[in-house]
Amino acid sequence: MTTILIIIAAIVVTAFLAYAIVNFIPKKLHWVLSVLLIAIAAFLVYKINFEIQKPMQFNKEKKVKYARVIESMKIIRDAEVAFKKVKGRYTDNGQELIDFIDNGKFALTQTRNVVKTVNVGGGITKEIEERVVDTIGYEDVRAKFAGKDYKNMLKIPGTDQNFKIEIGFVEKIAGLKAPVFEVKVDKALILDGMDMNLIKQEKEAIGGEEIKGEYIRVGSLGEVSEDGNWPPFYDKADKKDIEE
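Residue numbers (my numbering): 602 to 845.
In C-alpha cells:
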C-alpha cells in the first residue's frame, strides 16, 4: 500500500510540474525541470518493476524454504511409520524417535502354509491349511535412514525452534480407535523477515499448486493419514524446479 501511494504521489507531482513548466516557469529553467521529470519517470519505472518482481522473488524464496522444512517433516513421518510398525503406536517424543532409529530393528518375516489334521468329532478328521509367520532375522532401522539427516530432523530449518509432534486416536468405526500423529508448522514462522502482505496472502492459499492454509502439515489428528498437505512437486527427487 505504501508503494502504491508513493507511485500515485509521484504521478501527481509529475503532472503538476508539467503544468507548471507550460504555464509558469521561465523557458530558461525548463531544462532543470525536464531533468527532474526524467528522474521521477526513472523512479516510477524502477518502483513498478520492483512491485512486479517482488511476488516472483517471494515465490522463489518461499519454495526453497518450504522444501527444506518439508524434507525434515518427511523424515519425521518416516520415523513415526517405522516406530509404529515395530511398537504398534506413534510417539510424541522426538528424542525417542532418534534413539529408535539408532537402535531399533525390524523383524524380517516369512509366511508359509502348514497343513494340519484336526478332529471334527465322531472319529472323523480333516486336513486344513494354516498360515504361519516365522521370524527369520532382523534388520537395523538405521539402514532405512541412510543418507537422511535424522539427527537434526526435529529442528525447523531456518529457525531456532523445533517441530512439535502431537499424537492421539481417531475412531474409524464404532469401538475401533486408530492411533494418529500430526506435525505442523506455521508458514509465518518459516517466512519470517519476508514481505508481510505476501505472507498474509500465502497463509490464505486455497490449494492447487500452493500449500493450502496457514500451516505446512504432515499426518492428521482428525483422520487416519500419514500424508502431507503439500503439492506433489515437493516430493520429486529432483528439486531443480524448486530451487531455480
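Using N, Cα and C, we set each Cβ at its ideal position, and we do this for glycine too. In this text the structure is predicted, and so the values were computed from the model without any measurement.
Item, Value
"DSSP-derived helix/strand/coil call for residue 825", "coil"
"Residue 754 classed as buried or exposed, judged by whether at least 16 other C-beta atoms fall within 10 angstroms", "buried"
"Pick from 718, 667, 717, 707 that is closest to residue 742, judged by C-alpha positions", "707"
"Beta-carbon proximity check, residue 728 vs residue 718, cutoff 8 angstroms", "yes"
"Between the CA atoms of residue 797 and residue 646 - distance to the nearest angstrom", "23 angstroms"
"For residue 770, three-class secondary structure by DSSP", "strand"
"For residue 836, the first and last residue of its enclosing alpha helix (DSSP H)", "No alpha helix (DSSP H) holds residue 836; DSSP gives it neither H nor E."
"Complete beta strand (DSSP E) runs within the region 735-804 (minimum length 3 residues, chain order)", "766-774, 777-787"
"Residues bridged to residue 714 [DSSP beta-bridge criterion]", "732"
"CB contact flag (residue 680, residue 698, <8 angstroms)", "yes"
"Host beta strand (DSSP E) of residue 820 (start-end)", "816-820"
"Three-pair Cβ contact test at 8 angstroms for the region 806-817 versus the region 769-779", "no"
"Sequence-distant residues of the same chain with beta carbon closer than 6 angstroms to residue 738, five excluded per side", "709"
"Backbone secondary structure at residue 641 - three-state DSSP", "helix"
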